[in-house]
Amino acid sequence: MCRDQKTRDDNERSYSLSSTCITSLIAMFRPAVLTVLRSARLVTQRAPLSRFPVALTTSRALRAYSITTSGEKAPLQVDSLSTREYHRISDEYMENLFEQLEYISEDFPEASVEVEYSQGVLQLDVPPLGSYVINKQPPNKQIWISSPVSGPDRFDPIDGNWISLRTKRSLGEVITEELRESPALHDDLILEGV
385 MCRDQKTRDD NERSYSLSST CITSLIAMFR PAVLTVLRSA RLVTQRAPLS
435 RFPVALTTSR ALRAYSITTS GEKAPLQVDS LSTREYHRIS DEYMENLFEQ
485 LEYISEDFPE ASVEVEYSQG VLQLDVPPLG SYVINKQPPN KQIWISSPVS
535 GPDRFDPIDG NWISLRTKRS LGEVITEELR ESPALHDDLI LEGV
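The sequence shown begins at 385 in this note's numbering and counts up by one.
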């Protein structure tokens, strides 16, 4: 082996490499190191990123929201929606929904409904149903809900409303129907404008 051994005491050993040993190790591994370095240089010099158009195309990014979770093609109006427009309509919807749910919590204090909205995430606690989380999903141009009653669902902006392509129901309908299941809320509860 290529090491010089020095003994400090009976239990401890210290190893040091001599300069000739280091030189022989470098000589031994030099071909492998050079091959790796040359390969890396070939990749960066001879195959620049611009030669791989697949990595730069946007078709992969479009697939994130052009096909629904059930595998069907999303409506054109969802695909053609700009990011700026998505944020405008989703922010408007989420703020309106938040205001409506705040009114419910004030109008029905016995229901102990709590609602919070911050940075595109709305949390709604409705005893005894449980907690809802409703949030924006900008990459998909959707609003998602996690419901203690019906589970998760995704809603797309279609014809001025947020519609689930899976169930064909609006987000407002889902929330209204589920809130009516709470014993402290009235059966005639309606969320306006959502």
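Here a beta-carbon is modelled for each residue, glycine too, at the ideal position from N, C-alpha and C. All of these numbers come straight from a predicted model, not from anything done at the bench.
Taking the C-beta atoms as reference points, D537 is found no nearer than 9 Å to T560.
E469 has its alpha-carbon roughly 37 Å from the corresponding atom of P512.
The alpha-carbon separation between I473 and T467 amounts to approximately 10 Å.
In the DSSP assignment, D537 falls within the unbroken beta strand (DSSP E) covering 535-542. Rounded to the nearest angstrom, the gap between the Cα atoms of D475 and D491 is 24 Å. Judged by their CB atoms, Q484 and E562 are not nearer to each other than the 9 Å cut-off.
In this structure, the alpha-carbon of S566 lies about 13 Å from that of E498.
From the listed residues R553, P459, D463, S530, the smallest Cα separation to P523 is found for D463. DSSP places G556 in no beta strand (DSSP E) but in the uninterrupted alpha helix (DSSP H) bounded by 555-563.
Nearest in C-alpha terms to P532, of all of V558, S496, K457, Q526, is V558. Taking all protein chains shown into account, M478 has 16 or more neighbouring C-beta atoms within 10 Å of its C-beta and is therefore buried. I574 counts as exposed, since fewer than 16 other beta carbons sit within 10 angstroms of its beta carbon.
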